[in-house]
Amino acid sequence: MISFKGIDTSQIVKRSGERRIGETLSPEGSFVILGIPESIGVRANYGIGGTETAWNSFINAFLNLQENRFLSGKNICIKGAFEIDQHRDWSVDQLRMAVTHIDEALAIQVKEIFAAGKIPIVIGGGHNNAYPLLKSAFSVFQKKTNVINLDAHADFRHLEGRHSGNAFSYAAKEGYLGKYSVLGLKKEYAPEYMLHSLEKHGAELHFLDKLPDFRTFDRVIQKVLQEYSGEKYGVELDVDVLAHVLSSAMTAHGLPIPWACHYLRLTAPNALYLHICEGATELYDGRTSPGTGKVLAELVSSFIQGFVH
44 MISFKGIDTS QIVKRSGERR IGETLSPEGS FVILGIPESI GVRANYGIGG TETAWNSFIN
104 AFLNLQENRF LSGKNICIKG AFEIDQHRDW SVDQLRMAVT HIDEALAIQV KEIFAAGKIP
164 IVIGGGHNNA YPLLKSAFSV FQKKTNVINL DAHADFRHLE GRHSGNAFSY AAKEGYLGKY
224 SVLGLKKEYA PEYMLHSLEK HGAELHFLDK LPDFRTFDRV IQKVLQEYSG EKYGVELDVD
284 VLAHVLSSAM TAHGLPIPWA CHYLRLTAPN ALYLHICEGA TELYDGRTSP GTGKVLAELV
344 SSFIQGFVH
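So in the numbering used here, the last one in the sequence shown is 352, and the numbering has no gaps at all.
The structure is reproduced here in structure tokens:
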């Protein structure tokens, strides 16, 4: 079952002389934040569940960010989040069928945001949710969407039923995906058939081992943006590319959080949407990290500041 609910603002901590982002939010805001707390897509890809836990942690942290000259809630609307039964006992086939229903539900919400001329900021959830974002964009704008993806994985797996590992291959097949650039891709987790499919699509791949320092990382982003000059694009960030941040595929060998903030600030000005996915505060295998929500809040803050300033 899939339903939708608004946010609980009672978690805002109020202090004399201070204002929190959550106190100044506007339903007319240009940035519309939407939560899709689920790990059905991750588990349908044989991953570890728990990505449904990121949203509540994120929203608590984000609502309590300071309202100041750098970040204002007046341009931000938090639409709410889906409520999705996680069905922990379901088979892979059942999970993959469920992903198609999530696709449909998310596409309806995002299509409304695009049609209103606003920028959706989607907090997952699995990377499966990139597909309905691209489908919605195609429906509204009637053209393919370019994508820049900061990710350890390209999510271009076989068309074997929907899951978190094939959002972009399905989008490519349906004609929704335009140019595709992946930054931070790990060679060790890229199947040869996927590399071939990415080459066939014309994707631009920047491997993690070729990003040894911040200067190189910045130069690669600038190069990609130059190639996309004047064109809109979707901005994707899979938390599994970051070192020591709890995710369905957590790694110690990843990028620092400040680099990800820099990536979001640079890509924000021409962004059609932002999608941050795969983060978690608690995984089904028992691992926990209560600080994930703060990381996600700072990432979203960096994106909005990059767009506004």
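Even for Gly, the Cβ is constructed at its ideal location relative to N, Cα and C. Predicted, not measured: the structure shown is a model, and the values here were computed from it.
Which partner residues does residue i have in the DSSP bridge list?
i, result
"residue 304", "Its beta-bridge partners do not exist; DSSP assigns none."
"residue 352", "Beta-bridge pairing links residue 352 to no other residue."
"residue 48", "124"
"residue 224", "191 and 247"
"residue 110", "Paired residues: none, contrary to the question."
"residue 206", "Beta-bridge pairing links residue 206 to no other residue."
"residue 78", "124 and 166"
"residue 325", "331"
How is residue i classed by DSSP in three states: helix, strand or coil?
i, result
"residue 236", "helix"
"residue 241", "helix"
"residue 288", "coil"
"residue 344", "helix"
"residue 55", "coil"
"residue 219", "coil"
"residue 213", "helix"
"residue 247", "strand"
"residue 63", "strand"
How would you call residue i, buried or exposed, if buried means at least 16 neighbouring beta carbons within 10 angstroms?
i, result
"residue 107", "buried"
"residue 151", "exposed"
"residue 236", "exposed"
"residue 142", "buried"
"residue 225", "buried"
"residue 272", "exposed"
"residue 346", "buried"
"residue 44", "exposed"
"residue 184", "exposed"
"residue 202", "exposed"
"residue 316", "buried"
"residue 52", "exposed"
"residue 239", "exposed"
Quick check: what's the CA-CA separation for residue i versus residue j?
i, j, result
"residue 291", "residue 100", "16 angstroms"
"residue 126", "residue 320", "16 angstroms"
"residue 274", "residue 194", "21 angstroms"
"residue 255", "residue 140", "40 angstroms"
"residue 31", "residue 77", "The question about residue 31 has no answer, for the chain in this structure spans 44 to 352."
"residue 129", "residue 86", "10 angstroms"
"residue 47", "residue 122", "10 angstroms"
"residue 285", "residue 303", "8 angstroms"
"residue 309", "residue 329", "36 angstroms"
"residue 278", "residue 134", "31 angstroms"
"residue 189", "residue 60", "44 angstroms"
"residue 164", "residue 58", "28 angstroms"
"residue 312", "residue 222", "18 angstroms"
"residue 337", "residue 269", "31 angstroms"
"residue 38", "residue 54", "Examination of residue 38 is not possible in this model, given that the chain is present from 44 through 352 alone."
"residue 166", "residue 95", "10 angstroms"
"residue 276", "residue 132", "37 angstroms"
"residue 262", "residue 180", "29 angstroms"
"residue 191", "residue 260", "14 angstroms"
"residue 351", "residue 49", "25 angstroms"
"residue 117", "residue 168", "26 angstroms"
"residue 103", "residue 173", "24 angstroms"
"residue 206", "residue 322", "16 angstroms"
Taking only runs that begin and end inside the segment 124 to 196, name each unbroken alpha helix (DSSP H) of 4 or more residues, in chain order.
-> Segments of the alpha helix (DSSP H) lying fully in the segment 124 to 196: 135 to 158 and 173 to 184.
Which residue spans inside the segment 259 to 283 form an unbroken beta strand (DSSP E) run of at least 3?
-> If we require 3 residues or more, the beta strand (DSSP E) runs fully inside the segment 259 to 283 come out as 276 to 281.
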